[in-house]
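One structure is given here, and the rest of the page talks about it.
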Ligand SMILES: [Zn+2]
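In the working numbering, the protein residues as written are 9 to 119.
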């Protein structure tokens, strides 16, 4: 697990935790992850398998992106779940896409 991620121009610390602190009292007691935008912290439930932790981290990053761009209340949780799984699988299945988006393909071409 990584310990930080930069979303937009904001650094977030990533913490593994047994029991996620919740900011939503109406939600059930079990959360797999939570992003605290103003504190710059993302918590990931440590009892999950590594594959699930990766997907949950992506899910929380998408929450932060939507918050930063003013869409936090216009996009449903179901859509964020779909994007979390979809984007995680897209990146995992296409390392050449990640390199291309990051501008790394030119570096590889010139070595
Ligand atoms: Zn969510």
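In this text, a Cβ means the ideal position worked out from N, Cα and C, and glycines have one as well. Remember, predicted model here, so these are calculated numbers, not experimental data.
Query                                                                                                : Result
Alpha carbon of residue 81 to alpha carbon of residue 88, nearest angstrom                           : 11 Å
Any non-hydrogen atom of ligand 1 closer than 7 Å to residue 67 Cβ                                   : yes
The region 90 to 107 touching the region 60 to 71, judged by at least three CB pairs closer than 8 Å : yes
Residue 12 (DSSP reduced to helix, strand or coil)                                                   : strand
Spatial distance of residue 46 from residue 15 (CA atoms)                                            : 13 Å
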